[in-house]
Structures are given as structure tokens and as C-alpha cells.
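What follows is a set of notes on a single structure, which appears directly below.
2 protein chains.
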Amino acid sequence: MVDTPRSPLAPARFPTLPPVAGVRLGSMAAGIRYRGRTDLMMAAFERGTTVAGVLTQNRMPGAPVDWCRRQLAHGRARALVVKSGNANVFTGRAGVAAVEATAAATADLIGCKKGDVLIASTGVIGEPLPVERVTRILPKLYGRLTDKAWRKAADAILTTDTFAKGATRTAEIDGKTVTINGIAKGSGMIAPDMATMLAFFFTDAKLPTAVLRDLLKPANERSFNSITVDGDTSTSDTVLLFATGKGPRHGKVETAGDPRLKAFRAALLDCMTDLAQQIVRDGEGAGKFVSITVTGAASTAAARRIGLTVANSPLVKTAIAGADANWGRIVMAVGKAGERADRDRLAIRIGGHEVTRDGLAVPGYDEAPVVRHMQGREIEIAVDVGVAGGAATIWTCDLTHGYIDINADYRS
Amino acid sequence: MVDTPRSPLAPARFPTLPPVAGVRLGSMAAGIRYRGRTDLMMAAFERGTTVAGVLTQNRMPGAPVDWCRRQLAHGRARALVVKSGNANVFTGRAGVAAVEATAAATADLIGCKKGDVLIASTGVIGEPLPVERVTRILPKLYGRLTDKAWRKAADAILTTDTFAKGATRTAEIDGKTVTINGIAKGSGMIAPDMATMLAFFFTDAKLPTAVLRDLLKPANERSFNSITVDGDTSTSDTVLLFATGKGPRHGKVETAGDPRLKAFRAALLDCMTDLAQQIVRDGEGAGKFVSITVTGAASTAAARRIGLTVANSPLVKTAIAGADANWGRIVMAVGKAGERADRDRLAIRIGGHEVTRDGLAVPGYDEAPVVRHMQGREIEIAVDVGVAGGAATIWTCDLTHGYIDINADYRS
Chain A
173 MVDTPRSPLA PARFPTLPPV AGVRLGSMAA GIRYRGRTDL MMAAFERGTT
223 VAGVLTQNRM PGAPVDWCRR QLAHGRARAL VVKSGNANVF TGRAGVAAVE
273 ATAAATADLI GCKKGDVLIA STGVIGEPLP VERVTRILPK LYGRLTDKAW
323 RKAADAILTT DTFAKGATRT AEIDGKTVTI NGIAKGSGMI APDMATMLAF
373 FFTDAKLPTA VLRDLLKPAN ERSFNSITVD GDTSTSDTVL LFATGKGPRH
423 GKVETAGDPR LKAFRAALLD CMTDLAQQIV RDGEGAGKFV SITVTGAAST
473 AAARRIGLTV ANSPLVKTAI AGADANWGRI VMAVGKAGER ADRDRLAIRI
523 GGHEVTRDGL AVPGYDEAPV VRHMQGREIE IAVDVGVAGG AATIWTCDLT
573 HGYIDINADY RS
Chain B
173 MVDTPRSPLA PARFPTLPPV AGVRLGSMAA GIRYRGRTDL MMAAFERGTT
223 VAGVLTQNRM PGAPVDWCRR QLAHGRARAL VVKSGNANVF TGRAGVAAVE
273 ATAAATADLI GCKKGDVLIA STGVIGEPLP VERVTRILPK LYGRLTDKAW
323 RKAADAILTT DTFAKGATRT AEIDGKTVTI NGIAKGSGMI APDMATMLAF
373 FFTDAKLPTA VLRDLLKPAN ERSFNSITVD GDTSTSDTVL LFATGKGPRH
423 GKVETAGDPR LKAFRAALLD CMTDLAQQIV RDGEGAGKFV SITVTGAAST
473 AAARRIGLTV ANSPLVKTAI AGADANWGRI VMAVGKAGER ADRDRLAIRI
523 GGHEVTRDGL AVPGYDEAPV VRHMQGREIE IAVDVGVAGG AATIWTCDLT
573 HGYIDINADY RS
């Protein structure tokens, strides 16, 4: 975590995360990039733990992403090891060897297969990872794992973040209450010298790998895939969901569509959305949290693309930074998305105030209340493109001098 | 033209544009948005003039773009009228009426059909255009047209630009020398309160509409479609090429592939590239001019997409602004483009210095000469993605505090 001031959009405090049966975790300072900084996090899972994940679509993935993709195929997990300060991306054969060495050292400690160790890294791209600093300290870290170190684990995975990110939910399955804990890091998709998006979820529910996968994908689409800071996709983005099955015993679940999972699905989405929004709230230089809701699109996918195009438009983002009710830029961005949109039915609302209707500013449009809304910290934009029923919501932040400071003037 | 300082990347002076036989032009202050600012430009063409054009792909085009699309179908032109200060975009039926009134008033003066008048507008989006200010002054402007007023015409179409943009070339067709003049406005694709990309080319060669179209499209792809400032596509982008056929008489040309057009094709591309690069050099807040050459891609289109993804990455652009030799961001952007790229063969050069080879930093990589190059005004990035023979060059500028100043802090 760098010494930039805490984001003005940060939540008041880190929530209290309860233990999740079957999970022990902890963190230490391995000196991967900086001395004395907590940069190594480990979680150990009891036998029988399943895992599902989604990984970056970037065509230049790091060695840890390649490793996770391979292990997610079998869907079993006994440990998770996360390093911050070095992304181990674009590091060639040495990068692959670093991942293998980490997995081997961890498997030795736990007494499991190498392939049951999931690995993630975040930080600088293109520098060799000093893996011996990690393997040297792992036995000591393993000896200290507890079921309570959630905040310490959340701290260990941060890089340019200005606050630690955690969330917790419970849900009933079959009348039994299970827990979902999540931790994340990231200032958006931002992948500068030091950053990437990582999120890890842990539940004590008993869910087969196939069910986990089917639960994770749509929830990820509506949470982490619905945020953007600057549209730059990291080479390390990783979301993993672990299920230990060590919580209160509930009936056997065999499909994600099982009606008994209704509350769990909702709680998982809620927990993931919470952390996704926390990442936006820690977007580099962010001064405002922006929700963009698109309705009336040709499909959900079309609504998402339009929303993301508005959210990624530098002109929309700078207008929001300047509290400038410049809705012409929203029109431009909707048109640029390339999706079907009816210019002559386009309706825009900002902060609930109607701005345009039927392809024109509303008669007697009064900008004053719109500007007042835009001077706040939480901005709401709603766009109806008048074509069909597709809808989606995207979250982003504004583009400010702070972003330029961090990424142009600051040299790590 | 706003009162921001002249771009540090501006050319030393506006070139001397010679007359183009068959073209008379001029400009005046109509008071469209600001009093006393030259904001109306008119060109009149002799009978027989042909025209081809390319127009914005934005789905929210302005009324003038819709009008041009219709008239370009027949490809004849007797006049061009350009207004700055108001884009006449998202203005509903009133916007259509403003275009019709302008065309009718111009056609009356010239004694031609309304459909032979091409119209473009640039400026604020969503405000009604006070068209009577234009139609009132048109007769006076028409009376003053000359064959020399190129600089005045170039001035009249500017908005947030910091310098007027013109270029001229000659080429032989059949041993006869013809002229190509071009004027343009724009600070990139930037479409804030007041901006858009317009470019107009005029030649005295005698070329049928179909030939003009076939000449314009590929040249546009390699010039104006190869630049970006912030990836935001204007609702008014318009490039028009007029041919009067009133220059030295050359043999009849019936196809764009005619070998006698070889020099003309090259001169047109050169003239268009010159103006396209001038637009980048006037990019909002631009401090550096950046050339990105992509080779080894699956196709030309793939190379273009990779180049544009690198050029539009806020992280690459801010690294350039900060003279930060952060090549990991280039790797990230190449991977994010979604095109085929071989991570383990990726080769990057900056300012001619080899940075990566075979998916790794080069052995003994010395950052010092790369940083020295990046401290200059002209930055060269070359990326070989190691897949096939597709190649393209894209031009852009850096992303600086100046951009935020203009678009967030400045309220027009």
C-alpha cells in the first residue's frame, strides 16, 4: 500500500470478517519488493475444498495466471499463496519456475499435490521475482496461520490501493447458515508499475466444483466485470472462489440452479459487488463514484457495452470530475459504442433529473439541480437508448489530476 | 480558437496554399456562439465539381452529417458551408431545418440545387443553431469569395484548436501538374463542448466521383483513421474531397487504380497524413507526439487494432507524459487488444532502442538511453507481435494535466 492519502470514497472501516470453517490464513513480510512491507499472504484449506475462478482475458497473462488456469480445470484446492510487489508477468521461463517453486514448497508443508496450490501475484511487470525470499519464509508463515487473520490477509495483497478491502455475507442453504468472506485488491483495471485486480472468496458451504463455476461466472459478470477505472485490463486479474464444505451440514447440492441456492446466489453476488465497488472507490485519483445504468438496449450485452463505453470515455470522466453537466458527451459516448441506439428516443437522467427525451434536451431544461448533483461524491447517470429491453449497470470513477499524478509524475 | 497557448508541437507556420482552379472561398464572423469570432466558412465550386467523403461512424450523428451522407450518394458539389461554435448535433427537427435553410440560401446565391451544397458544423452539442445569423450573412460572404483566402478559411473552422491547419501538395497526372489543398480542424477525436474533426481537400484534377471515393477511403484509413487523442469519436467527424476538374487538362481517368494516378494517390495520402498529424500535434494538453508502429500482426486490421489499443491506453499515455520507460504498460496494452500476439516472441523498441525480445527484457537492458528518448517531444514506439506480416502505424499524443485542465476544470 503506497503512501497516498486514503480515498475520499473509502468505506468508514474494514468490516469484521468471521472465521470460515476449513480456512486458516495469515501474512508476513517477505521483502519481495520493499523491505518490511507485508507482501505475502497464505490460506490453507481442509481436504475436500473445491475452487472455481475467472482469470484475465489479456493475451499477455502472467505465469501465475497460466498456472491457475491449469489447476482450475480439476477444481480442487488445499492452499492459496498471493505475493504483492511483483506480478511475475513477462518473466519467461524464470517466471514459470518461480510459480513451480512456490507451489512445491507449499505442497510440502501441507502434504498435498502441487496442483492443489493456487497462486496469484500483483505488482511490477517484467522483473524477475525473487522467489527464494518467498520459499524461505513460507514454513514460518504456515506455522502461524489462524482462522482470524482476515484483515492482515487483505493488507498483504495491496499495492497502489489506499485502503484494505473486505466483505462478508451469510446465506441459508437448506435452513443451514453458511458464510461467504471475500478480500480484494485493486484500483480498477489499472495495471501500471504496481497494480492489478485480485479477489478471493471463501465459503464453508459444500459445493461441487461444477456448481461453484456456474455460480461464479454470472456473479462475476455483474460485479467485477461491471467496473472500470480506465479501461486498461491487467495481465494478472484473478477472482477465485473456494468452498471448504466444513460449515453446518446441509443437503447435497448438484446444480447451480438448485432453488435451495437462491439466497446463496444473492449473497455471493452481493459480496462480490461490494468488493467490486470498493475497488472503484479506490480508483487511482478517484473523487467521485459513478453508477451508469443503461436500459432499452438490444440485449444485456449491448447494454453492458454502452455502459462501459460511457464509463471509459475520458470526456465523460473529466466532465464528472469538473461537475460539468455536459450531457452532450454522454450522447457522444452512447453513439460511439457501436450498439443499436435510437437517437430520436434517447433519454438521459442525471441524479434522477430528466435531461433529454426523444433526442432533444427536455423543454425548459434547468441545469442547476443537475450541477448540484454532480458536485456530490456519488453520481448517478441513467440512459435509455429506446431500442428494446436490455439493461445493465456499470460502476466507475472520474478522471482527475490525481490519476495523472499517480501515473505520469510518480515513478515507483 | 480558444485562448489556450499554442501547442508546443505546432508546426512553425501555416503553409502558403496556392489557388486551386475552380475554387473560391472566404470566411466571416456570423456570431454563431461568440461575437466577433470568424465562425462561418464558405467555398464555391465551378460546375462539374465532384465530391467524395467519409463521415463519423458514431451512432448519434449530427444533422449536417446526415445531410452529407445523402448528398455524397450523387457525388456532385457546388458549395461547402462550415459553421463553428455549434455542432448542430442532437437538435431534433430544428437541426434538420437549420441544415435545409443553409442549403437553400446557398443554392439561391449560386444558382444550383440544394443537394449540391455540402454542410458541416462543429462545436457545442445539443444547443439549437441560430441559423438566421448564418443565412443573413451568406450573401455578403458570397460576394467576397476569392481564390486566395485559404488561411482565413482554415481559421474559421477552428474551435478548441490552438493553431490553424493547412497542407498543400502537387502531383502529375499524365504529365500535367495538379494541386491538392487541404484544411482541417480538431484536437483529435476529442468531442467536448466544442470540438470535432473536420478536414476538407480540394483539387483541380478532373476525377469522376467513383474514382474520388476509391482514392479517399484507403488514404483516410491510413491518415485520419490512424490518429487518436483520447479514443472518443466525435458525432460530427467529416472528411470531404472535392475535385473541380478545372486544372491543366489531363487524360480521362476512369478508375482509382489507373497507373497515371500513382503520384496523385501518394500526394493525397501525404497531404492527408500531414493534416492528420497536425491534429494530433494539437491534441488537448499534448506535450509529446507519439508514433506507434506495429509489425508481425495477423493482418493490417489486427495491427491497427493493437496500435490503437496501445495509443488509447491511459497508462501508456501517462507513462509517456512522465517520460517513464514503463514498457510493461505496452505489454499490457498489446495483450488487451484481443488480437493474436505471441507473448514469447514479443519485441518492443522505444526510440530505436531494443527493450524486449522473445518475451523478456533484453539481457543487460539499459534504461538510460530509453529515458533520454522519452524526455524528447517526438516518441517512437515499435512493437513486433511475432505472428505474421500485418503492419500499421498509429499516431497519438500523451495524456497530461493539460487534458484534465481543458476538459474538467474548464467550463465553456
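Protein chains in written order, with our numbering: chain A, 173 to 584; chain B, 173 to 584. Even for Gly, the Cβ is constructed at its ideal location relative to N, Cα and C.
Item to check | From Ser471(B), Val254(B), His573(B), residue whose alpha carbon lies closest to that of Ala513(B) | outcome: Taking the first residue of the second sequence as 1, we reach residue 513(B) at position 341. For Ala513(B), the closest of Ser471(B), Val254(B), His573(B) by C-alpha to C-alpha distance is Ser471(B).
Checklist entry - What did DSSP end up calling Trp567(B) once you bin it into helix, strand or coil? => result One-based indexing of the second sequence puts residue 567(B) at position 395. Trp567(B) falls in the strand class under three-state DSSP.
Checklist entry - Does Gly455(A) get closer than 7 Å to chain B when you measure Cβ to Cβ? => result Here residue 455(A) refers to the residue found at position 283 of the first sequence. No, Gly455(A) does not count as interfacial toward chain B.
Item to check | CB contact flag (Thr381(B), Thr572(B), <7 Å) | outcome: If you number the second sequence from 1, residue 381(B) lands on position 209. If you number the second sequence from 1, residue 572(B) lands on position 400. Going by C-beta atoms, Thr381(B) is not nearer than 7 Å to Thr572(B).
Checklist entry - With C-beta atoms as the reference, is Leu440(A) less than 7 Å away from Ala224(A)? => result On the first sequence, residue 440(A) is found 268 positions in, with the first residue counted as 1. On the first sequence, residue 224(A) is found 52 positions in, with the first residue counted as 1. No, these two residues do not count as a Cβ contact at 7 Å.
Checklist entry - Taking contact to mean at least 3 C-beta pairs separated by less than 8 Å, is the stretch 469 to 486 of chain B in contact with the stretch 429 to 448 of chain B? => result Cβ pair count under 8 Å is below three, so no.
Item to check | Contact set for Thr334(A): own chain, Cβ-Cβ below 6 Å, skip 5 residues either direction | outcome: Here the question's residue 334(A) lines up with position 162 in the first sequence. The answer, listed in chain order, is Thr176, Arg178, Ser179, Asp454.
Checklist entry - Just how far apart, CA to CA, sit Val527(A) and Arg517(A)? => result In the first sequence, residue 527(A) corresponds to position 355, counting from 1. In the first sequence, residue 517(A) corresponds to position 345, counting from 1. Here the alpha carbon of Val527(A) sits roughly 13 Å from the alpha carbon of Arg517(A).
Next on the checklist: Quick check: what's the CA-CA separation for Pro302(A) versus Ala270(A)?
Outcome noted: Here residue 302(A) refers to the residue found at position 130 of the first sequence. Here residue 270(A) refers to the residue found at position 98 of the first sequence. Pro302(A) and Ala270(A): Cα-Cα distance of roughly 8 Å.
Next on the checklist: Could you check whether the stretch 317 to 335 of chain B touches the stretch 263 to 279 of chain B, counting it as contact only if at least three pairs of C-beta atoms, one from each stretch, sit closer than 8 Å?
Outcome noted: Flag = no, the stretch 317 to 335 of chain B and the stretch 263 to 279 of chain B do not touch.
Item to check | Reference Val383(B), options Val452(B), Ala275(B), Thr263(B), Leu433(B), closest by Cα | outcome: If you number the second sequence from 1, residue 383(B) lands on position 211. When only C-alpha atoms are compared, the closest one is Leu433(B).
Next on the checklist: Just verifying my parser: in three-state terms, what is the DSSP assignment at Asp556(A)?
Outcome noted: The count along the first sequence starts at 1 and reaches residue 556(A) at position 384. Here Asp556(A) sits in strand by DSSP.
Checklist entry - Which term fits Ile578(A), buried or exposed, when burial requires 16 or more other beta carbons within 10 angstroms of its beta carbon? => result Taking the first residue of the first sequence as 1, we reach residue 578(A) at position 406. Label assigned to Ile578(A): buried.
Checklist entry - Can you list, in chain order, the residues of the stretch 513 to 539 of chain B whose Cβ is nearer than 7 Å to any Cβ on chain A? => result Ala513, Arg515, Gly531, Leu532, Ala533
Item to check | Any C-beta of chain A under 7 Å from that of Thr490(B) | outcome: Here the question's residue 490(B) lines up with position 318 in the second sequence. Chain A contact via Cβ: present.
Checklist entry - Relative to the alpha-carbon of Tyr314(A), which residue among Asn353(A), Asp238(A), Ala251(A) has its alpha-carbon at the smallest distance? => result To locate residue 314(A), count along the first sequence from 1; it is residue 142. Of the candidates Asn353(A), Asp238(A), Ala251(A), the one whose C-alpha sits nearest the C-alpha of Tyr314(A) is Ala251(A).
Next on the checklist: Just checking: is the beta-carbon of Lys378(A) within a distance shorter than 7 Å of some beta-carbon in chain B?
Outcome noted: If you number the first sequence from 1, residue 378(A) lands on position 206. False, the Cβ-Cβ gap to chain B never drops below 7 Å.
Item to check | Presumed contact (8 Å Cβ cut-off) between Val411(B) and Val226(B), rounded CB distance | outcome: As a position in the second sequence, residue 411(B) is number 239, starting the count at 1. As a position in the second sequence, residue 226(B) is number 54, starting the count at 1. Contact holds; Cβ gap of about 5 Å.
Checklist entry - Quick one: is Asp530(A) buried, meaning 16 or more other Cβ sit within 10 Å of its Cβ, or exposed? => result Here residue 530(A) refers to the residue found at position 358 of the first sequence. Counting Cβ neighbours within 10 Å, Asp530(A) comes out exposed, since fewer than 16 surround it.
Next on the checklist: Three Cβ pairs or more, each shorter than 8 Å: is that satisfied between the stretch 242 to 251 of chain B and the stretch 194 to 201 of chain B?
Outcome noted: no
Item to check | Test: Ile297(B) CB closer than 7 Å to a CB of chain A | outcome: Position 125 of the second sequence, counting from 1, holds the residue named residue 297(B). Using a CB distance cut-off of 7 Å, Ile297(B) counts as an interface residue toward chain A.
Checklist entry - Would you say the stretch 291 to 308 of chain A touches the stretch 252 to 266 of chain A, given that touching needs at least three Cβ pairs under 8 Å? => result yes
Item to check | 7 Å Cβ cutoff met for Gly403(B) and Asn484(B) | outcome: The residue labelled residue 403(B) in the question sits at position 231 within the second sequence. The residue labelled residue 484(B) in the question sits at position 312 within the second sequence. Yes; because the gap between Cβ atoms is below 7 Å, this pair is in contact.
Checklist entry - So what does Leu290(A) bridge to, in DSSP terms? => result Counting from 1 along the first sequence, the entry for residue 290(A) is found at position 118. Paired residue(s): Leu252(A).
Checklist entry - For a contact meaning CB atoms closer than 8 Å, what does Gly510(A) contact in chain B? => result Reading the first sequence from its first residue, position 338 is the one you call residue 510(A). Contact annotation for Gly510(A) against chain B: Gln229, Arg231 [CB-CB distance below 8 Å, chain order].
Next on the checklist: What does the Cβ neighbour count give for Asp211(A), buried or exposed, with the cut at 16 atoms within 10 Å?
Outcome noted: Residue 211(A) sits at position 39 when you count from the first residue of the first sequence. Asp211(A) should be labelled buried.
Next on the checklist: At 4 residues or longer, what runs of the alpha helix (DSSP H) sit wholly inside the stretch 447 to 503 of chain A?
Outcome noted: Within the stretch 447 to 503 of chain A, the complete alpha helix (DSSP H) runs of at least 4 residues fall at 472 to 484, 486 to 493.
Next on the checklist: Using the three-state DSSP reduction, which class does Val608(B) fall into: helix, strand or coil?
Outcome noted: Lying before the first or after the last residue shown, residue 608(B) is absent from chain B, which here runs from 173 to 584.
Checklist entry - With distances taken from CA atoms, which of Gly457(A), Val350(A), Ala458(A), Met200(A) is nearest Thr416(A)? => result For this step, residue 416(A) is matched to residue 244 along the first sequence. Per the Cα distances, Val350(A).
Checklist entry - Cα separation between Pro420(A) and Lys348(A)? => result Here residue 420(A) refers to the residue found at position 248 of the first sequence. Here residue 348(A) refers to the residue found at position 176 of the first sequence. Within the model, the alpha-carbon separation for Pro420(A) versus Lys348(A) is close to 6 Å.
Checklist entry - Using the beta-carbon count (16 or more within 10 Å), is Thr427(A) buried or exposed? => result Looking up residue 427(A) in the first sequence gives position 255. So Thr427(A) ends up on the exposed side.
Checklist entry - How is Arg209(B) classed by DSSP in three states: helix, strand or coil? => result Locating residue 209(B) in the second sequence gives position 37, where the first residue counts as 1. Three-state result, Arg209(B): coil.
Item to check | Gln229(A), buried or exposed, once every other Cβ within 10 Å from all chains shown has been counted against 16 | outcome: By one-based count along the first sequence, residue 229(A) stands at place 57. So Gln229(A) ends up on the exposed side.
Item to check | Contact list for the stretch 463 to 487 of chain A against chain B, Cβ threshold 9 Å | outcome: Listed by position, the residues of the stretch 463 to 487 of chain A near chain B (Cβ gap below 9 Å) are Asn484, Ser485, Pro486, Leu487.
Checklist entry - Between Ile451(B) and chain D, is there a C-beta pair that is closer than 7 Å? => result Here the protein chains are A and B, and chain D is not one of them.
Item to check | Nonlocal neighbours in the same chain, by C-beta distance under 6 Å from Gly203(A), ignoring five residues either side | outcome: Numbered from 1 along the first sequence, position 31 holds the residue referred to as residue 203(A). Cβ within range, chain order: Arg305.
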